[in-house]
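Participant:
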Amino acid sequence: TVVPLDMAAKLDETAGFLCAHRWGEVDWPPPFGRAAYPEEALIRDMDGKTGASLKLTILNDKGRVWTMVAGGGASVVYADTVADYGWGHEL
Numbered sequence: 072t073v074v075p076l077d078m079a080a081k082l083d084e085t086a087g088f089l090c091a092h093r094w095g096e097v098d099w100p101p102p103f104g105r106a107a108y109p110e111e112a113l114i115r116d117m118d119g120k121t122g123a124s125l126k127l128t129i130l131n132d133k134g135r136v137w138t139m140v141a142g143g144g145a146s147v148v149y150a151d152t153v154a155d156y157g158w159g160h161e162l
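Spelled out as structure tokens, the structure:
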């Protein structure tokens with residue numbers, strides 16, 4: 072007979088829209104060890120209410136060029152092209 076005396080679990084924020092009713096209120100840590108911008112908080116709230124994956128991380132709050140990350144590597148090529156044209160500091 073095995074009797075667990077202690078237990079640990081990992082929660083994946085991505086599954087929050089499916090499991091929030093079971094988990095209750097979870098306080099997720101901010102990314103990169105800083106407080107979220109209001110825009111990031113709004114998108115995170117929207118992400119928790121849909122099956123879609125909505126993410127926003129502001130890396131440069133003074134930047135004027137924002138890219139949409141869609142996966143598959145195209146966004147990396149796009150960001151690299153922006154940097155090649157001398158606008159990398161604006162990303």
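Numbering (the numbering used here), first residue to last: 72 to 162.
For each residue, glycine too, the CB sits at the ideal point set by N, CA and C.
Just so we're clear, the structure is a prediction, and the values are computed from it rather than from any experiment.
#1: Check whether the Cβ atoms of V88 and G143 sit closer than 8 Å, and answer yes or no.
#2: Roughly how many angstroms lie between the CA atoms of M117 and L125, to the nearest whole one?
#3: CB-CB under 7 Å to V74, same chain, minus the five flanking residues each way: which ones, in chain order?
#4: Using CA coordinates, which residue listed in V136, E96, A107 is at the minimum distance from G159?
#5: Does DSSP classify A145 as helix, strand or coil?
Facilitator: The relevant details are as follows:
#1: It should be pointed out that residue 88 corresponds to Phe in this sequence rather than to Val. No, the Cβ-Cβ distance between F88 and G143 is not below 8 Å.
#2: 7 Å
#3: none
#4: V136
#5: helix
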